[in-house]
Every structure is written in structure tokens, then in C-alpha cells.
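Reading through the C-alpha cells given below for one structure.
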Amino acid sequence: IQIKTGLPNFILAQIALLAVLWAGCFPSRKAFSAPEPDRQIPFKVSSVRLAGFLQPRIIANARSRLLAMDEGALLAGFERRPGTQAWIGEHVGKWLHAASITWAYTGDPSLRAKMDRVVNRLLRTQKPDGYLGTYLDKDRWTSWDVWVHKYVLLGLLSYYERTGEPRALDAARKIGDLLVNTFGPGKRDIIASGEHVGMAATSVLEPIVLLYRTTGDSRYLDFANYIVSSWDQPNGPKIIQSLLSTHSVAQTANAKAYELMSNLVGLCELVRTTGNRSLLKPVLIAWDDIVRRRMYITGGTSLNEYFQKDHYLPNEGNVSETCATVTWLQLNLQLLYLTGEPIFADVAEKIIYNHLLAAQHPYSATFCYFTPLSGYKRYTSEMNCCVSSGPRGIALIPTFAYTLTSKSICVNLYNTGIASLPLSPKVTVVIHQRTLYPLDGGVELNIDPSHPVRFALSLRIPSWCPKAVASVNKGKPIAGKPGTYLSIYRQWRQGDRVTLRMEMPAVLIKGTHTNQGLFAIRRGPLVLCADEALNPKLRPITMAGLNANAASELKPARRTGTGAIRERVFAAPGFMLEKQNGGAAKPVPRTVFLIPFAEAGATGGRYSVWLRAPS
């Protein structure tokens, strides 16, 4: 994978145009800092409505998880200090972050009322000096205390961005002031005040930069720069220095995936705020290393919560902590906005349709802490870090569906729905999208601007797609290239219709390294999986295999499965290893029924992405 780091700078005319279009994008980004260096800017999440494949997951997340969450459990650590977990204060911040985005998306008054109640109760626990953690005074700034403040800040700022409630911003400023007065040269050492070589504490970088952008108070930007400089202390994680020299996340600090990537997300926010694009280099190095050596075919990363040695990706056990999955998604979205390169949307799509949705139970409000590619999914509703992170990932899905550049509207996510996208105070473009994606590669987009307007409609052609063809109003076919945007520049009028056809072949993936001798099947963006519930004749599922022609002969198996998954089951030629007459196991022909990894294991049975090879 080649990463373009020498992207051209915005010219003055483009900056001026972005300023004009700003009202339709992120209202929280103020004009106090240098010009925004984003190549793509997300529209407000309230502008987008998704139906189709993703709708049930988003609805379940909103209603069954966020709206049903016990408020007392979220606030117990603050109202009765100390909390029962060292990091218990993170849960309310994560909930507020997810709930704020979700409320902006749905407009549900019940969720807004719940958010207001939670914030009111939370703010009543803030100390006069600004402290809003869950520790006793004698234990302040030890263990996970700064980390807790990070998530409280993120939650309050997300709530303020969507509601404009001044008390939330005031509380966030008090936290920021306390952190500025507590840590820094001649003060307390932030590296020594958090876990994992200080990376837990320094990940407060993200909300501190957001606080600066929201308020324009230069003290917060100075504090952000102090955090970055603290990495190079003798006791620091040396994040930038290590990535530049080793090109390996596994050799950076203690290789803790969640915390390291959280710091990189903060570094991206600092790039956005200062315009210092040189800080992108270590982030891109980390991204490249993860994609090449430490990412599962389902988009997840990490084992036992840590980055492992090169290409060590076991399928069973503590695979891809959901906290890491969500943060990895955040990092890819940050890089998509900062660079405009579609490869980051490709990886985000892989994460969402596979490992993120696999961590969420398809029919309930539970999530997995770890989500292995083989074995069992251990769904739970208990309050732990991953069950609190999962809803944030689901809430983020609509945020990058449509983005704006200086000349185009980018379509990054294919899913039935409608988007109302403001290009200026006088022009709004409504896009109706109809598709069965990710089960089918056909997409139809009706483009309805309020007035005729000239712009480029940029359609993302996924890197897995060997051939894509688009047309406008049944006109001349326009070919797209895998891993690029197919841009159609014209004057758009009401009633214009774009059709896009993406070939979606099934691909047999030959296992390497820890998967030597195994096969898996991917169809479009979906990684498929054999589930014992659909294959009673293939138990144990680990004894099942795929024939060499399994991908080319894959076909829908509509009579297998129940309910919502009936249309998502595929039949492939395969075999079962069986012992005959007490001898060695021999392959016996059997049809293998496959289902998207996102929906496997929902009934509690064993499943496997990787199956045996014909030999």
C-alpha cells in the first residue's frame, strides 16, 4: 500500500470556498486557529438517514443500549467516590459521546431528556477547583484518573457541540484549567500520572485540542504541545520518535493498542488545529504498519489488548478488543478527513461491516469484549470498557457517509437512505440512495438540488471491487478504478439519476503465517463465516473445509436460516473430515453454509472464519 504524504496544499480560493460552506459541516470548529487542513469535511450527522443493512444495528444501539442505560450506574463513581473500578468514570463520558451523536442523528426527545438528566447529575459532582473524577482527594492523578477526565471532557464537549448547553462547556473549561494548572514543566509529570508508559494519561490530548478549538483559549493549545513533548521524556512512551525510527507500533512504548491509537487520534486533531502536517508522518507510519502486519481480514487489530509481533494473528482467544476496534475506526476516519484518500474509507468500511458489527449482538444490546475469528462470541451487558466503547463505534457510522471537499460531494458509504446536504445558505442537495449493499453491488442515487448547481459527485470505488461502471440518466457508461473516487462533474438538476454497478465476486483468501493451510471467503466487503447453527452436519465446525472452487460456486441459500439472516446465507462446496472404520479422517463432500462474520455466533454456537484447505 502506497501512502501519499506529499498532498498539495489548499490554495486561497479553496480555503475561501470552504469557509463559505462551513455552516453545513462542523459548527464546533471555530476560526480561532490556522485554516483547517482537512481534505474532506463531514456533513452534520443530522443531515443523513440510513436504512437498509445498517438500520437495525443503529436502532438497536440507540434504543436498546443508549436509551436503556442505567443512569445510576453511569454516575455511581462520581456520586459515591471512590468508584468500584479505577476507570469507572470513563463510562459516562463514552455514553455521552455516543448518545450526543446518536441524538443529533435521530432527534429522539427521550434520549435528549436522558442526556440532560445525566449531565445535570454529573455537573453537581464537580469540585470547586474543577475536579470531575472518581478518586478521593488523596489519590488524585494516579492510575486512570487523567484518563477518566479525558472521557468526561469528550462527553461534555460532544454534548455541548450538539446542544449548545453553556453549563457543559463551562464544566469542560474548569477541567481544562485544572489540568493546565496541575501538569507541565515545574508541575506534576503527566507521564507518571497514568498507566501504560503514561499513554493513558496523555491521550487526554484529543479533548484538550477540541477544547482549544471550541474556546480559542491558547493555554489549552500550549498544554497540548506540552503533552506531545512529554512523550520524549526519559520515562515517556516516545511515540513519535519510536514510530519514525522503528516503523512499528509493536515496538512503540509497551505496544498497548487502545492507548497508543488514542494518542494518535489526538495527534490528528492537533494536525487539524495547527496545520502542522509534519505530525501526520508518524500517524501514517503507524497506520501502514497495522494494515500490513497487524490487521485481521475482518478489520480488527490486537491480541490480548496489545500489538503482537509481525503477522501473528491467532484466530481464537482475546482477539481485537472492542475498544481497540472503535479507536482504529476513529483513526481511519481522522485520516480520511485529513488526507481525502479513499483507502482510509476502505479500511473503515472493512472494520464496520465486519469486526465492529461482529462485536455487537445483531438482536440485542450486548457487546463482546473480544471478538475472535474462530470460537465463541461472549456477549455481555455488564459495564466494562468495551461494552461502553462499542456504542461509540456504532454511533460513528453515519458520520462519514457523505463528505465535502472544495469541489465535490463524496459518497463514502453505500447504504439505502436519504441525505440532505447544504452546499450554501441557498442550495441544498438531497440524495436518495437505494441499494442492497453490502449484499449486492448495485447502487442508485437520485440527485435533487434545490437549485441547479455545478459540482462533482465523487463515488468511492472500493479497493476490493475489480470493475465498476456508473452512468447519469442512463447515459454513457463511466468506468471507475478500484481504490479511487469516480468523480462526475456536471451541473446537477432535480430528477438526475446516477446508477453505479460494482462487481462483487466472492474471493477465496489463502491463509498465510498463522493461517497457513486454511482458506476464508470474502464477498465484497463482507467476510463470510461458517456457523455450527447453520451446519449441523459439520460439527465440530473446525473439521469443516472449503473446496478450491468454493468462491466461484458460492450462491445464495435462501431456504437456510431464519428471520433477518435468511437472505444473508450462502452455500459453498466443501467437505467434512470424518473418520471411517477407525482409520484416518477423510474428506467427505458437504455443502458449507456461510454467513457474514458480523452475524455469526449470535445463537451461542461455535463458528469459524478460516476453514481447512482441500489438501
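Adding 790 to a residue's 1-based position in the sequence shown gives its number in the numbering used here. No residue lacks a Cβ here, since even glycine has one placed at the ideal position from N, Cα and C.
Leaving aside the five residues that flank L1034 on each side, the residues in its chain whose CB is nearer than 8 Å to its CB run, in chain order, K1071, P1072, I1075. Taking 4 residues as the shortest admissible run, the stretch 891 to 967 contains the following complete alpha helix (DSSP H) segments, listed from N- to C-terminal end: 899 to 913, 935 to 953. By the C-beta criterion, the stretch 917 to 926 is judged not to be in contact with the stretch 1210 to 1226, since fewer than 3 inter-stretch pairs fall below 8 Å.
The stretch 1238 to 1255 and the stretch 1276 to 1283 touch, with no fewer than 3 CB-CB distances between them shorter than 8 Å. Counting other Cβ atoms within 10 Å of its Cβ, R1062 reaches 16 or more and is therefore classed as buried. Secondary structure note for R1224: it is in no alpha helix (DSSP H), and the uninterrupted beta strand (DSSP E) holding it is 1218 to 1225. Beta-bridge annotation (DSSP): K1197 is not paired with any residue. At least 7 Å separates the beta-carbon of G1395 from that of M1294. Pairwise C-beta distances place the stretch 953 to 969 out of contact with the stretch 839 to 852, as fewer than three of them are shorter than 8 Å. Just measuring C-alpha positions, the residue of I981, V1116, E1106, A894 sitting nearest M1051 is V1116. Beta bridge pairing from DSSP links E1368 with K1376. Judged by their CB atoms, D935 and G923 are nearer to each other than the 7 Å cut-off.
Taking the CA atoms as reference points, A863 sits about 13 Å from P872.
An exposed status is given to L926, since fewer than 16 other beta-carbon atoms sit within 10 Å of its beta-carbon. In the structure shown, G1232 adopts extended strand secondary structure according to DSSP, grouped into three states. The stretch 1018 to 1028 and the stretch 978 to 994 touch, with three or more beta-carbon pairs separated by less than 8 Å.
Distances from the CA of V994 to each of G1006, F973, T1005 were compared; the closest alpha carbon is that of F973.
DSSP places G1056 in the uninterrupted alpha helix (DSSP H) bounded by 1047 to 1064. The residue from T932, S1068, A1040, I1029 with its alpha-carbon nearest to that of L1093 is A1040.
In this chain, the beta strand (DSSP E) harbouring F1245 covers 1243 to 1251. A straight line joining the alpha-carbon of L1103 with that of K1266 spans about 46 Å.
Non-local C-beta neighbours of K1046 in its own chain, meaning closer than 7 Å and more than five positions away in sequence, comprise H986, M989, E1095, Y1096, ordered along the chain. Residue range 1274 to 1282 is occupied by the beta strand (DSSP E) that includes W1282. V1137 has its alpha-carbon roughly 30 Å from the corresponding atom of W877. Residue environment: Y941 is assigned as buried (16 or more neighbouring CB atoms within 10 Å of its CB, all protein chains considered). Distances from the CA of R914 to each of L865, R952, T874, G1065 were compared; the closest alpha carbon is that of L865. Classified as exposed, T1302 has fewer than 16 neighbouring CB atoms from the shown chains inside 10 Å of its CB.
Note: V838 is bridge-paired with A1209 in the DSSP secondary-structure output. In this chain, the beta strand (DSSP E) harbouring L1318 covers 1316 to 1321. Across the set L912, G1391, K1264, the C-alpha of G1391 shows the shortest separation from the C-alpha of R1168. Straight across, the Cα-Cα distance linking N1174 with S854 is about 17 Å. Approximately 5 Å separates the beta-carbon atoms of G1089 and H1145; this is inside 8 Å, confirming the contact. Checking the DSSP bridge columns, you'll see T1332 has no partner listed.
The shortest C-alpha to C-alpha distance from N1236 to any of I1251, G1207, L1226, L943 is the one to G1207.
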